[in-house]
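Novice: Before I ask anything, let me first share the structure, which is written out below as structure tokens.
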Amino acid sequence: MRLVLDGFTKRFGDTTVIDALDLTVEDGEMIALLGPSGCGKSTTLFAIAGLHRVDGGRILFGERDVAQVSAQERNVGIVFQNYALYPHMTVAQNIAFPLRVRGASVADMDRKVREIAGLVQIGELLERKPAQLSGGQQQRVALARALVRKPDVLLLDEPLANLDAKLRMEMRSEIRRVQLETGITAILVTHDQVEAMSMCDRIALMKAGGIVQIAEPAEMYDNPADRYVAGFLGNPPIAFLDAVSDDILRLAGGAALGAAGTLQGLGPIALGVRPEHYGPGKGVPLDGTVIMLETHGREDLFEVELAGGGRLRAILPAGSGVRPGTTVDWGIDMTRVFAFSPEGRRL
Amino acid sequence: MRQDRIGFLFLTPALIAVVLFYLLPVVMTAVFAFTNMSTSTGIRGGDYMLTEGSLRDLREQGLNEATLSHLADAGYVVDAEGLAALAEAFGAPLAERVEAALGGQSFATGRDLERALRDLRAPEIRMTRDRKRAADLFQRSVLNIRHDTAAALAADLSAAGIPQSEQDPIVEVAYTGWSWTTRNFELLLSLPSTARYAINTLIYVALTLVIFNVGLGLFLAISTFYLPERTAATFRAIWFMPRILPPVLYVLMWKWLMWDNGFLASALAPFGVERINWMMHSEYHAWVAVILINGVVGASFGMIIFASAIKAIPQTMLLASEVDGATRWQQVRFIILPQMRWPILFVTAYQTLSLLASFEYILLSTGGGPGSATEVWAMAAFRTALNNYGGNLQYGMGATFALVLVIIGTALSLLYLRFFNFQALLAKPRIER
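If you read the sequences in order, they're chains A and B. Each number in the working numbering corresponds to the 1-based position in the first sequence with 36 added. Each number in the working numbering corresponds to the 1-based position in the second sequence with 1 added.
Put into structure tokens, the structure is as follows:
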């Protein structure tokens with residue numbers, strides 16, 4: 037079901053935390069609300085669930101405005117970071133709970149619970165209590181409980197934050213698989229860019245109660261709207277260099293980078309260079325010294341201090357033999373560099 | 002090893018306190034329960050004295066009549082001591098005459114001596130009344146004479162001519178101090194009032210516990226949970242007030258409310274309701290008052306425990322249930338109440354024990370009345386041992402009452418501990434739910 041936030045506003049007391057936010061999630065789409073803590077992503081999710089009162093705007097489930105409808109009367113499913121399973125109920129009773137409070141028949145509940153348990157692959161755990169399950173299994177139960185009554189929207193509040201690295205990888209693809217299989221509209225709240233990029237159709241990157249950019253993951257990575265987006269996405273992160281653009285483009289330290297092109301005469305700007313676009317034989321060579329090396333196994337991450345000031349990161353296949361302290365003359369692939377105004381606007 | 006010793010060292014004050022204030026009183030209660038200590042026996046040893054009363058007891062015990070009458074009448078001896086007293090009362094000439102005629106003789110009864118005196122025809126004792134007074138001066142009975150030891154009494158008995166074989170029961174009856182006995186328990190089982198106290202205690206504990214300490218406590222905790230924090234805190238503070246109030250003041254306020262010229266009676270009078278003492282009008286009135294007075298105090302304990310237990314339920318669990326479609330009532334019924342099992346058990350266990358032992362609010366309000374309609378076990382123990390109308394405080398009997406309470410309390414505690422599975426209760430909390 038299509039979900040639309042239209043001018044959604046949320047205040048806590050006198051503080052407006054979200055001001056007139058617009059967001060459209062297409063039917064069957066999975067979208068990530070990505071941003072640092074305190075950016076309003078969980079608040080938005082709770083408002084969609086009906087757990088927070090809405091102070092302005094509309095929330096449309098299909099054609100129906102649910103902004104003033106209680107949580108009980110909206111048809112949503114939610115998965116919390118701590119799973120929020122009911123500890124005194126068995127797995128089956130947990131999953132059946134949304135049906136039970138609506139007075140479903142025992143046979144109906146039983147059938148639906150088995151169906152959904154099969155989908156999330158916990159069919160053999162139905163008689164256990166939550167305390168007897170691993171974190172990943174609890175997460176599957178929470179997912180099943182959220183899905184069992186075929187909600188209009190599935191809401192996921194940092195669902196992977198409590199899992200260890202290996203389980204997180206596994207559950208990432210599991211949740212996506214289940215979402216695709218059920219074709220449900222889903223919203224994932226996370227501060228982990230990898231989760232957002234790997235699981236979702238689109239990402240809405242949030243900052244201070246507003247959406248900075250909505251785009252598909254690759255598009256957002258390759259074409260960030262501003263310096264904040266460029267800095268948020270990418271691991272290892274992008275490096276920024278101060279530069280000056282007059283007739284030609286040069287670094288703040290003085291080294292010339294080449295023709296200014298469309299940037300001509302803009303004065304002081306910032307350049308964003310991703311690690312994969314800096315390295316040996318990639319355009320204009322710049323003198324620098326390797327000051328740090330991180331071994332990642334398949335590849336090595338270098339940090340290079342440029343002779344004229346400024347630091348860049350480079351990522352190279354392992355086995356280059358370059359040690360910290362080595363002087364290098366690696367270059368920047370100027371075609372892939374992002375330019376930003378001093379205020380952070382994309383140029 | 003050394004750490005163990007340091008541990009004990011730190012525990013010492015607590016251990017001393019436990020021994021002094023818990024173990025010792027229990028042991029003393031158990032000891033007293035097997036004695037017949039009372040005001041009349043005292044709590045130290047006693048001495049030996051035969052009275053008219055002890056003779057009655059001996060007759061009931063079946064001592065033969067000859068010995069009994071011997072004890073009652075025995076011992077009119079014309080000796081130096083008696084003659085001296087006679088000389089003082091009636092003059093030396095009479096004394097000399099009596100000594101000459103009867104000196105050294107014994108008489109079984111006062112009547113025999115009087116007859117002998119009459120035969121002397123002495124003018125000083127011509128009147129019957131005077132003769133009787135003179136005869137009394139020679140009475141050497143063992144009755145009404147205090148002996149420090151059993152041996153001293155036995156010696157006197159021998160002197161009075163009581164055979165050795167019959168002295169033991171007499172010495173026993175003459176003992177005025179306390180002695181070991183199991184009669185308290187027999188008495189406890191045979192008295193009809195015992196059953197009354199037991200039933201009263203059951204009514205008192207069960208109704209106060211179920212309606213107020215658990216029921217109202219739970220209701221208050223849940224209802225304040227859904228109120229804004231500030232309002233909830235105010236409500237809880239109001240319900241907590243009776244607990245802070247001194248019991249005497251608190252009960253006094255109830256009395257002002259319920260007495261026949263109190264608030265309730267005065268407020269209802271204009272509507273034609275007869276002015277009655279709402280606290281003591283009938284035993285039903287008394288019971289309602291007793292349970293209300295105790296319950297309003299007791300509810301706050303459960304309320305605090307339950308409220309904090311509800312707060313310990315993760316917020317997201319309640320949010321999840323709302324999103325799952327549960328109404329408030331369903332949330333309470335399916336999410337909150339099932340997770341209150343341990344707090345409810347704890348409050349039940351704890352409050353049962355404190356209610357069993359407490360009677361101060363009953364004592365202050367109805368005083369156990371009307372009649373003994375609201376007299377509970379603990380109060381019976383108190384009255385028997387420490388405070389009754391008769392003035393003869395039966396420490397031993399009271400201790401027997403108290404001992405039964407201690408046994409029931411200990412048995413219940415053990416049962417609760419088992420029921421609670423204390424091991425599990427003390428287990429480390431799980432961080433992940």
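The C-beta atom is built at its ideal place from N, Cα and C for all residues, glycine as well. The structure displayed is predicted, hence computed values, not measured ones.
Residues of the stretch 323-340 of chain B with a CB closer than 8 angstroms to any CB of chain A: list them in chain order, please.
Specialist: So the list reads Glu-323, Val-324, Asp-325, Gly-326, Ala-327, Thr-328, Gln-331, Phe-335, Ile-336, Pro-339, Gln-340, given in the order they occur along the chain.
Novice: Can you list, in chain order, the residues of its chain whose CB lies under 6 angstroms from that of A:Ala-232, leaving out five sequence neighbours each side?
Specialist: Locating residue 232 of chain A in the first sequence gives position 196, where the first residue counts as 1. Cβ within range, chain order: Ala-68, Leu-70, Thr-226, Ile-239.
Novice: Who pairs with A:Ile-114 in a beta bridge, going by DSSP?
Specialist: Along the first sequence, read from residue 1 onward, the residue named residue 114 of chain A stands at position 78. Partner(s): A:Leu-191.
Novice: Does the beta carbon of A:Gln-175 come closer than 8 angstroms to any beta carbon on chain B?
Specialist: Residue 175 of chain A sits at position 139 when you count from the first residue of the first sequence. No, its Cβ sits nowhere closer than 8 angstroms to a Cβ of chain B.
Novice: A:Asp-63 lies in the alpha helix (DSSP H); which residues open and close that run?
Specialist: As a position in the first sequence, residue 63 of chain A is number 27, starting the count at 1. Unbroken run through A:Asp-63: none, as it is neither H nor E.
Novice: Of all the alpha helix (DSSP H) runs that stay within the bounds of the stretch 136-185 of chain B, which reach a length of 4 or more residues?
Specialist: Runs found: 151-160, 168-175.
Novice: Within 8 angstroms (strictly less), CB to CB, does B:Pro-1 reach chain A?
Specialist: In the structure as shown, chain B begins at 2 and stops at 434. Residue 1 of chain B is therefore absent and cannot be evaluated.
Novice: Measure from the alpha carbon of B:Ser-355 to the alpha carbon of each residue in B:Leu-413, B:Ala-238, B:Phe-383, B:Ala-270, then state which is nearest.
Specialist: Reading the second sequence from its first residue, position 354 is the one you call residue 355 of chain B. Of the candidates B:Leu-413, B:Ala-238, B:Phe-383, B:Ala-270, the one whose C-alpha sits nearest the C-alpha of B:Ser-355 is B:Leu-413.
Novice: For B:Ser-224, count neighbouring Cβ atoms within 10 angstroms of its own Cβ and tell me buried if that reaches 16, exposed if not.
Specialist: Your numbering for residue 224 of chain B matches position 223 in the second sequence. The residue is exposed, with fewer than 16 neighbouring Cβ atoms inside 10 Å.
Novice: With H, G and I counted as helix, E and B as strand and the rest as coil, what does DSSP make of A:Gly-267?
Specialist: Within the first sequence, residue 267 of chain A is the residue found at index 231, counting from 1. Helix at A:Gly-267.
Novice: Could you compute how far the alpha carbon of A:Pro-273 sits from the alpha carbon of A:Pro-360?
Specialist: Within the first sequence, the letter at position 237 stands for residue 273 of chain A. Within the first sequence, the letter at position 324 stands for residue 360 of chain A. When rounded, the distance between both Cα atoms is 20 angstroms.
Novice: Count the other C-beta atoms from every protein chain shown that fall within 10 angstroms of the C-beta of A:Gln-300, then say buried if there are 16 or more, exposed otherwise.
Specialist: Translated into positions along the first sequence, residue 300 of chain A becomes position 264. Exposed.
Novice: Which two residues bound the contiguous alpha helix (DSSP H) that contains B:Phe-347?
Specialist: The count along the second sequence starts at 1 and reaches residue 347 of chain B at position 346. That run of the alpha helix (DSSP H) goes 342-358.
Novice: Pull up the distance between the alpha-carbon of B:Ala-135 and that of B:Gly-83, whole angstroms please.
Specialist: By 1-based counting over the second sequence, the position of residue 135 of chain B is 134. By 1-based counting over the second sequence, the position of residue 83 of chain B is 82. About 9 angstroms.
Novice: Flag this pair as yes or no: are the beta carbons of B:Pro-170 and B:Gln-62 separated by less than 8 angstroms?
Specialist: As a first step, residue 170 of chain B is located in the second sequence; it is residue number 169 there, counting from the start. As a first step, residue 62 of chain B is located in the second sequence; it is residue number 61 there, counting from the start. Their beta carbons are under 8 angstroms apart, which means B:Pro-170 touches B:Gln-62 by this criterion.
Novice: Between A:Arg-181 and A:Phe-133, which are expected to be in contact by the criterion C-beta below 8 angstroms, what is the C-beta distance as a whole number of angstroms?
Specialist: For this step, residue 181 of chain A is matched to residue 145 along the first sequence. For this step, residue 133 of chain A is matched to residue 97 along the first sequence. Rounded, the Cβ-Cβ distance is 6 angstroms, consistent with contact.
Novice: Please name the residue or residues paired with A:Thr-226 in a DSSP beta bridge.
Specialist: For the purposes of this step, residue 226 of chain A is identified with residue 190 of the first sequence, where counting begins at 1. Answer is A:Leu-70, bridged to A:Thr-226.
Novice: Which residue wins for smallest C-alpha separation from A:Leu-199, given the options A:Leu-329, A:Gly-172, A:Glu-217, A:Leu-352?
Specialist: If you number the first sequence from 1, residue 199 of chain A lands on position 163. With distances taken between Cα atoms, A:Leu-199 lies closest to A:Gly-172.
Novice: Using a Cβ-Cβ cutoff of less than 6 angstroms, which residues in the same chain neighbour A:Thr-363 once the five nearest sequence positions on both sides are dropped?
Specialist: One-based indexing of the first sequence puts residue 363 of chain A at position 327. Closer than 6 angstroms at Cβ, skipping near neighbours: Thr-325.
Novice: Would you mind telling me which residues of chain A sit closer than 7 angstroms to B:Met-318, beta carbon to beta carbon, in chain order?
Specialist: For the purposes of this step, residue 318 of chain B is identified with residue 317 of the second sequence, where counting begins at 1. Per Cβ cutoff of 7 angstroms: Ala-120, Tyr-122.
Novice: Counting contacts by CB-CB distance shorter than 8 angstroms, is A:Pro-134 in contact with chain B?
Specialist: The residue given as residue 134 of chain A occupies position 98 in the first sequence. By this cut-off, A:Pro-134 is an interface position.
Novice: In angstroms with no decimal places, state the Cα-to-Cα distance between A:Ser-281 and A:Leu-269.
Specialist: Counted from its first residue, the first sequence places residue 281 of chain A at position 245. Counted from its first residue, the first sequence places residue 269 of chain A at position 233. One C-alpha to the other measures close to 26 angstroms.
Novice: Is the CB-CB distance between A:Ala-167 and A:Gly-159 below 8 angstroms?
Specialist: Residue mapping note: residue 167 of chain A aligns to position 131 of the first sequence, counting from 1. Residue mapping note: residue 159 of chain A aligns to position 123 of the first sequence, counting from 1. Contact: no.
Novice: Restricting to Cα atoms, I'd like to know which of A:His-88, A:Phe-374, A:Ala-120 is closest to A:Met-256.
Specialist: The residue given as residue 256 of chain A occupies position 220 in the first sequence. Minimum Cα distance to A:Met-256 is reached at A:Phe-374.
Novice: What residue range is occupied by the uninterrupted alpha helix (DSSP H) comprising A:Glu-339?
Specialist: Walking along the first sequence from the start, residue 339 of chain A turns up at place 303. Per DSSP, A:Glu-339 belongs to no alpha helix (DSSP H); it is in the beta strand (DSSP E), 335-342.
Novice: Using a Cβ-Cβ cut-off of less than 9 angstroms, list which residues of the stretch 82-97 of chain A approach chain B; keep chain order.
Specialist: Result list: Phe-82, Ala-85, Gly-86, Leu-87.
Novice: Please confirm if A:Phe-48 has its CB atom under 8 angstroms from at least one CB of chain B.
Specialist: By one-based count along the first sequence, residue 48 of chain A stands at place 12. Answer no: the Cβ-Cβ gap between A:Phe-48 and chain B never drops below 8 angstroms.
Novice: Taking the beta strand (DSSP E) that A:Arg-286 falls in, what are its first and last residues?
Specialist: Within the first sequence, the letter at position 250 stands for residue 286 of chain A. Here the beta strand (DSSP E) through A:Arg-286 covers 284-287.
Novice: Is there contact here, the stretch 32-49 of chain B with the stretch 385-394 of chain B, by at least three beta-carbon pairs under 8 angstroms?
Specialist: These segments touch.
Novice: DSSP three-state call for B:Ala-15: helix, strand or coil?
Specialist: Residue 15 of chain B sits at position 14 when you count from the first residue of the second sequence. In this structure, B:Ala-15 counts as helix in the three-state DSSP scheme.
Novice: Taking the CB atoms as reference points, tell me whether A:Leu-135 and A:Arg-185 lie closer together than 8 angstroms.
Specialist: Taking the first residue of the first sequence as position 1, residue 135 of chain A is located at position 99. Taking the first residue of the first sequence as position 1, residue 185 of chain A is located at position 149. It is a contact, given that the beta carbons lie within the stated cut-off.
Novice: Just the Cα atoms here: how many angstroms apart are B:Leu-320 and A:Leu-179?
Specialist: The count along the second sequence starts at 1 and reaches residue 320 of chain B at position 319. The count along the first sequence starts at 1 and reaches residue 179 of chain A at position 143. Approximately 15 angstroms between the Cα atoms of the pair.
Novice: Checking 8 angstroms against the spacing of the C-beta atoms, do A:Ile-289 and A:Val-320 come in under that value?
Specialist: Within the first sequence, residue 289 of chain A is the residue found at index 253, counting from 1. Within the first sequence, residue 320 of chain A is the residue found at index 284, counting from 1. Sequence check: residue 289 of chain A is Gly here, not Ile. No, these two residues do not count as a Cβ contact at 8 angstroms.
Novice: Would a check of beta-carbon distances place B:Ala-451 closer than 8 angstroms to chain A?
Specialist: Coverage of chain B is limited to positions 2 through 434, which leaves residue 451 of chain B absent and any answer about it impossible.
Novice: Could you work out which residue in B:Ala-300, B:Val-249, B:Val-289, B:Leu-192 is closest to B:Phe-241 when comparing CA atoms only?
Specialist: On the second sequence, residue 241 of chain B is found 240 positions in, with the first residue counted as 1. When each option's Cα is compared against that of B:Phe-241, the closest is B:Ala-300.
Novice: According to DSSP, is A:Met-242 part of a helix, a strand, or is it coil?
Specialist: The count along the first sequence starts at 1 and reaches residue 242 of chain A at position 206. A:Met-242 falls in the strand class under three-state DSSP.
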